Amino acid sequence: MDKMNENQGFLDFAYQMYKSMKTNEINLVYEGEVTQEITKTFTSLTERSLAKTEESNSVQRKVFNVMVECLQNISKHADSLTDDEEEERRGIVMVSHGEESYNIITGNVIKNVKVPELKKNLELVNSLDKKGLSDLYKQQMRDGRISEKGGAGLGFIDIAKKTGSKLGYQFKELNEEVSFFILTSTIKRT
13 MDKMNENQGF
23 LDFAYQMYKS
33 MKTNEINLVY
43 EGEVTQEITK
53 TFTSLTERSL
63 AKTEESNSVQ
73 RKVFNVMVEC
83 LQNISKHADS
93 LTDDEEEERR
103 GIVMVSHGEE
113 SYNIITGNVI
123 KNVKVPELKK
133 NLELVNSLDK
143 KGLSDLYKQQ
153 MRDGRISEKG
163 GAGLGFIDIA
173 KKTGSKLGYQ
183 FKELNEEVSF
193 FILTSTIKRT
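For the sequence shown, the numbering used here assigns the number 13 to the initial residue and increments by one for each residue that follows.
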């Protein structure tokens, strides 16, 4: 009888999640390891989903490009919950839309020691207008140090330039070592 109750509980959970996704107009959700292969699959699904809409090519391109950038950020910069460097880097990605905009919401684990610098970078990006973002992008291209993970700090600048919106972010501390970093990128539909 326990197995039947367990299955019913999961079915109830799945249905509630489905209802919530429909209510919040969530088109795609993925949770798991983020690799180049997963990125290709997820972007392909999004591309097909957007092609079925009457969205302008410009909005479709922005959604697609911002999602690729967000997925690459997770695959390059997510940390694991433990000190095991071989443990997979997991993340969550959601794409939702409303009447006025698309939202790409990503989340991944990050070491607490990285939070202050990341927060500083996000605040800087959010403080700039379009010209300031372009200038910062050029400066990073010229002077930026390539990190050991292959980035030069261009991801957030690129997302802000493409969306024309401020980046939403939160850090939820999980323990003394790591936090969960949530990034929201908004693309206006008009």
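The C-beta atom is built at its ideal place from N, Cα and C for all residues, glycine as well.
Given the structure is predicted, the values throughout are model-derived calculations rather than measurements.
**Message:** Taking a contact to mean a Cβ-Cβ separation below 8 Å, would you say S191 touches V78 in this structure?
**Reply:** Taking 8 Å as the Cβ cut-off, S191 and V78 do not qualify as a contacting pair.
**Prompt:** Three-state secondary structure (DSSP) at R73?
**Reply:** R73 sits in a helix when the DSSP states are folded into three classes.
**Message:** Is it buried or exposed, N243, if we count other Cβ atoms within 10 angstroms and call 16 or more buried?
**Reply:** The structure shown does not extend to residue 243, since the chain is modelled only from 13 through 202, so no value can be given for it.
**Request:** Report buried or exposed for V137, applying the criterion of at least 16 other Cβ atoms within 10 angstroms of its Cβ.
**Result:** The residue is buried, with at least 16 neighbouring Cβ atoms inside 10 Å.
**Message:** Taking the alpha-carbon of E185 as reference, which of T118, S177, G103, I194 has the nearest alpha-carbon?
**Reply:** Comparing Cα positions, the closest option is I194.
**Request:** Out of Q48, D141, E37, S32, point me to the one whose CA is closest to K88's CA.
**Result:** For K88, the closest alpha carbon among the candidates Q48, D141, E37, S32 is that of Q48.
**Asked** How big is the Cα-Cα spacing for L134 and G119?
**Response** L134 and G119 have their alpha carbons spaced roughly 15 Å apart.
**Request:** Buried or exposed for F168, please, with buried defined as at least 16 other CB atoms from any protein chain shown within 10 angstroms of its CB.
**Result:** Flag for F168 reads buried.
**Prompt:** Which residues in the same chain have their Cβ closer than 8 Å to the Cβ of F22, if we skip the five residues on either side of it in sequence?
**Reply:** Result list for F22: empty, nothing under 8 Å.
**Request:** Pick helix, strand or coil for E160, following the three-state DSSP scheme.
**Result:** Confidence in E160 is poor, its pLDDT being 49 and thus under 50, which makes the residue's placement unreliable; the coordinate value appears in the next sentence. Looking at E160 - three-state DSSP - the assignment turns out to be coil, as it is neither helix nor strand.
**Item:** E260 versus R201 - alpha carbon distance
**Value:** The shown model of the chain, from 13 to 202, leaves out residue 260, and the question about it has no answer.
**Prompt:** DSSP on T198, reduced to helix/strand/coil?
**Reply:** Here T198 sits in strand by DSSP.
**Beta-bridge pairing of T118 - partner residues as DSSP gives them** = Answer by DSSP bridge pairing, in chain order: V105, L195.
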